[in-house]
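Enquirer: Numbering (this note's numbering), first residue to last: 2 to 203. No residue lacks a Cβ here, since even glycine has one placed at the ideal position from N, Cα and C.
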Amino acid sequence: MASFPDTPVSLLVRLASDRTGIRDEAGWTRLFELYAPAIRAFAEERGSEDESEDVVQEIFMRLVEVLRDGRVKVGGDAGKFRRYLATLVRNELVSRWRKRQSRGEGASVSLDDPGSGVEASVDSDAAAVVDVKWRLARRRAAVEWALTKTALSPQSKAVYRAYVMDERPIGEVAAQFKIPRNSVSQTKTRVERMIAAIESEF
Numbered sequence: 002m003a004s005f006p007d008t009p010v011s012l013l014v015r016l017a018s019d020r021t022g023i024r025d026e027a028g029w030t031r032l033f034e035l036y037a038p039a040i041r042a043f044a045e046e047r048g049s050e051d052e053s054e055d056v057v058q059e060i061f062m063r064l065v066e067v068l069r070d071g072r073v074k075v076g077g078d079a080g081k082f083r084r085y086l087a088t089l090v091r092n093e094l095v096s097r098w099r100k101r102q103s104r105g106e107g108a109s110v111s112l113d114d115p116g117s118g119v120e121a122s123v124d125s126d127a128a129a130v131v132d133v134k135w136r137l138a139r140r141r142a143a144v145e146w147a148l149t150k151t152a153l154s155p156q157s158k159a160v161y162r163a164y165v166m167d168e169r170p171i172g173e174v175a176a177q178f179k180i181p182r183n184s185v186s187q188t189k190t191r192v193e194r195m196i197a198a199i200e201s202e203f
């Protein structure tokens, strides 16, 4: 299940003031890193696995356009931005579903009621479901970041993967890496703290 990450309001304000859509490269890269995994996961969950990368690119092209043109007011409420983004993603998936239908390719996107039309916004219940999904995707993104882009030792990463992600018994992991069992637990705790810190920045 995918979940929208929380968005630092300051980042949105910065990007909204970048009328070129290219000047603040670091800001746009950060926004992409925050949201691409969640958008991709949401598209895949809705049956658009083959098109998930296209969905990500389309959503980001739209985001650059609407933020650059000032069509999205970011003010002090990042939650409104997440709801707006959820609407963009849902509408993109509905649009793709309709195109497949018109080509006679059958339904492959599982949406609440795709025949009822593209909604202008996401209601509060749907927004809550989407929010839960994007939070889980944010967690996955933070784990991936910790295990690929941090200074954790290769052994710490391997121990964490084996013990937590592969769910192998602690004794088996300790024996494989020739470390005490309590070192496996300590590694898990250290990596989990790092993941939580990364997640809080997303």
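Pairing CB atoms from the segment 135-153 with CB atoms from the segment 34-43, are three or more of them under 8 Å?
Expert: As far as the Cβ criterion goes, the segment 135-153 touches the segment 34-43, which means the pair count is three or higher.
Enquirer: Assuming the contact rule is C-beta atoms closer than 8 Å, T151 and M195 should be a hit. Round their C-beta distance to whole Å, please.
Expert: About 6 Å separates the two Cβ atoms, so the contact holds.
Enquirer: Quick check: L68 and L16, are their CB atoms within less than 8 Å of each other?
Expert: For L68 and L16, yes; Cβs fall inside 8 Å.
Enquirer: Once DSSP output is grouped into helix, strand and coil, what is the label at S151?
Expert: It is worth fixing the name first, because residue 151 is Thr in this sequence and not Ser. In this structure, T151 counts as coil in the three-state DSSP scheme.
Enquirer: Does the segment 51-63 come into contact with the segment 89-99, if we say contact requires no fewer than three beta-carbon pairs (one atom in each stretch) closer than 8 Å?
Expert: The segment 51-63 vs the segment 89-99: in contact.
Enquirer: Quick check: the Cα distance between Q58 and A37, rounded to an integer number of angstroms?
Expert: Answer to the nearest angstrom: the Cα atoms are 9 Å apart.
Enquirer: In angstroms with no decimal places, state the Cα-to-Cα distance between P170 and T30.
Expert: One C-alpha to the other measures close to 38 Å.
Enquirer: Mind checking E173: buried by the 16 CB within 10 Å criterion, or exposed?
Expert: Label assigned to E173: exposed.
Enquirer: Grouping DSSP H, G and I as helix and E and B as strand, with all else coil, what is E34?
Expert: Helix, per DSSP.
Enquirer: Cutting at 6 Å between CB atoms, please list the residues of its own chain near E120, excluding the five before and the five after it.
Expert: Note on E120: pLDDT 42, under 50, position unreliable in the model; the coordinate value appears next. Excluding sequence neighbours, E120 sits near nothing in its chain.
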